[in-house]
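Notes for the one structure printed next.
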Amino acid sequence: MNLPENIDATMALLSDQNYVCSRDLATVLYLCLSLDKPLFLEGEAGVGKTEIAKAVAAALGRRLIRLQCYEGLDVASAIYEWNFSAQMIAIRTAEAAGVTQRAALQKELFSEEFLIRRPLLQALQSYEEGPPVFLIDEVDRADEPFEAFLLEALSEFQVTIPELGPIKAETPPIVILTSNRTREVHDALKRRCFYHWVAYPDFDREMEILQARLPNCPAVLSAEIVAFVQRLRGEDLFKNPGVAETVDWARCLVALDAVSLSPE
1 MNLPENIDAT
11 MALLSDQNYV
21 CSRDLATVLY
31 LCLSLDKPLF
41 LEGEAGVGKT
51 EIAKAVAAAL
61 GRRLIRLQCY
71 EGLDVASAIY
81 EWNFSAQMIA
91 IRTAEAAGVT
101 QRAALQKELF
111 SEEFLIRRPL
121 LQALQSYEEG
131 PPVFLIDEVD
141 RADEPFEAFL
151 LEALSEFQVT
161 IPELGPIKAE
171 TPPIVILTSN
181 RTREVHDALK
191 RRCFYHWVAY
201 PDFDREMEIL
211 QARLPNCPAV
221 LSAEIVAFVQ
231 RLRGEDLFKN
241 PGVAETVDWA
251 RCLVALDAVS
261 LSPE
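Under our numbering, residues 1 to 264 are what the sequence shown spells out, in order.
Written out as structure tokens, the structure reads:
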């Protein structure tokens with residue numbers, strides 16, 4: 001499927017996947033798609049940051065490649081590593097065959113045949129259906145040094161492997177980064193992206209989201225659920241419930257055949 005031609009088409013594209021978003025978010029997403037620039041989404045957990053990447057991939061018929069960030073994430077897990085077992089087999093086979101040209105053998109061992117592509121490198125590949133959607137999820141959970149590995153990839157859409165040199169995407173992937181703001185992500189990374197803060201939705205938008213995700217939920221029950229969750233977010237809680245919790249709670253109540261909330 002072709003990319004949307006304007007902001008309204010972008011909103012319609014997401015709506016087809018039951019993703020309800022604000023016009024501000026649709027605008028920055030449209031710019032991201034049009035200008036081949038990554039999108040950095042920051043906000044509280046459960047407000048739909050990850051879901052937008054899934055919705056875009058599904059709507060465009062593209063592959064979704066996800067890099068889940070965590071403390072200690074390194075190059076071997078995120079970008080690439082060498083298939084050590086296969087390399088050892090190749091060495092033993094070469095020795096048994098009497099191969100003595102070390103330079104030729106070394107070049108063969110560090111070729112793409114023995115390269116294990118991790119998510120970031122997979123995102124730079126070409127696919128029949130078009131450039132993939134590359135989701136770098138919860139980048140704030142990764143260590144600060146890991147951000148340096150992302151800088152080259154996000155500015156040039158390429159990574160450099162010492163044994164092979166730079167590997168560059170023929171067509172840039174659609175890159176979406178998310179952050180729950182558990183720590184501040186470095187400005188150098190944010191500058192390479194379009195930035196958008198995803199806030200909790202107001203009552204009307206959360207009603208739209210709930211009805212889109214759970215159309216069999218009675219209107220009265222939906223309104224009561226959303227009103228209650230909206231009030232909860234005004235309390236001094238350690239963690240406010242996100243939209244994901246609203247939908248999950250509504251799904252449970254529908255499964256229990258509830259038609260309204262009880263005072264208890």
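Even for Gly, the Cβ is constructed at its ideal location relative to N, Cα and C. Remember, it's a predicted structure, so these values are computed and weren't measured experimentally.
For Trp197, write down the residues that DSSP places opposite it in a beta bridge. As a working note, residue 197 is residue 197 in the sequence shown. Partner(s): Glu42.
Determine the direct distance from the alpha carbon of Leu232 to that of Phe238, and round the result to whole angstroms. Position 238 of the sequence shown, counting from 1, holds the residue named residue 238. Position 232 of the sequence shown, counting from 1, holds the residue named residue 232. Taking the CA atoms as reference points, Phe238 sits about 11 Å from Leu232.
I need the DSSP call for Arg66, collapsed to helix, strand or coil. The residue you call residue 66 lines up with position 66 of the sequence shown. In the three-state DSSP reduction, Arg66 falls in the strand class (E or B).
How many angstroms separate the CA atom of Pro145 from the CA atom of Ser34? As a first step, residue 145 is located in the sequence shown; it is residue number 145 there, counting from the start. As a first step, residue 34 is located in the sequence shown; it is residue number 34 there, counting from the start. The alpha-carbon atoms of Pro145 and Ser34 are separated by roughly 30 Å.
Is it buried or exposed, Ser260, if we count other Cβ atoms within 10 angstroms and call 16 or more buried? If you number the sequence shown from 1, residue 260 lands on position 260. Exposed, since its Cβ has fewer than 16 Cβ neighbours within 10 Å.
By how many angstroms is the C-alpha of Tyr19 removed from the C-alpha of Glu95? Stepping through the sequence shown from its first residue, residue 95 is reached at position 95. Stepping through the sequence shown from its first residue, residue 19 is reached at position 19. Approximately 58 Å, taken between the alpha carbons.
Distance between beta carbons of Ala142 and Tyr70, contact taken as under 8 Å: Here residue 70 corresponds to residue number 70 of the sequence shown, with the count starting at 1. Here residue 142 corresponds to residue number 142 of the sequence shown, with the count starting at 1. That pair is a contact at about 7 Å.
Measuring straight from C-alpha to C-alpha, what distance separates Val175 and Gly242? In the sequence shown, the residue the question calls residue 175 occupies position 175. In the sequence shown, the residue the question calls residue 242 occupies position 242. Approximately 24 Å, taken between the alpha carbons.
From the DSSP output, which residues share a beta bridge with Trp82? Translated into the one-based positions of the sequence shown, residue 82 becomes position 82. Answer is Leu115, bridged to Trp82.
Quick one: grab the DSSP three-state call for Pro166. For this step, residue 166 is matched to residue 166 along the sequence shown. Strand at Pro166.
Of the choices Met207, Cys193 and Cys252, whose alpha-carbon is the least far from that of Val28? Here the question's residue 28 lines up with position 28 in the sequence shown. The shortest Cα separation from Val28 among Met207, Cys193 and Cys252 belongs to Cys193.
Would DSSP call Phe110 helix, strand or coil? As a working note, residue 110 is residue 110 in the sequence shown. Reduced to three states, the DSSP call for Phe110 is coil.
Nearest residue (CA-CA) to Glu112, options Pro162, Ala148 and Leu151: Position 112 of the sequence shown, counted from the first residue, corresponds to residue 112. Cα-wise, what sits closest to Glu112 is Pro162.
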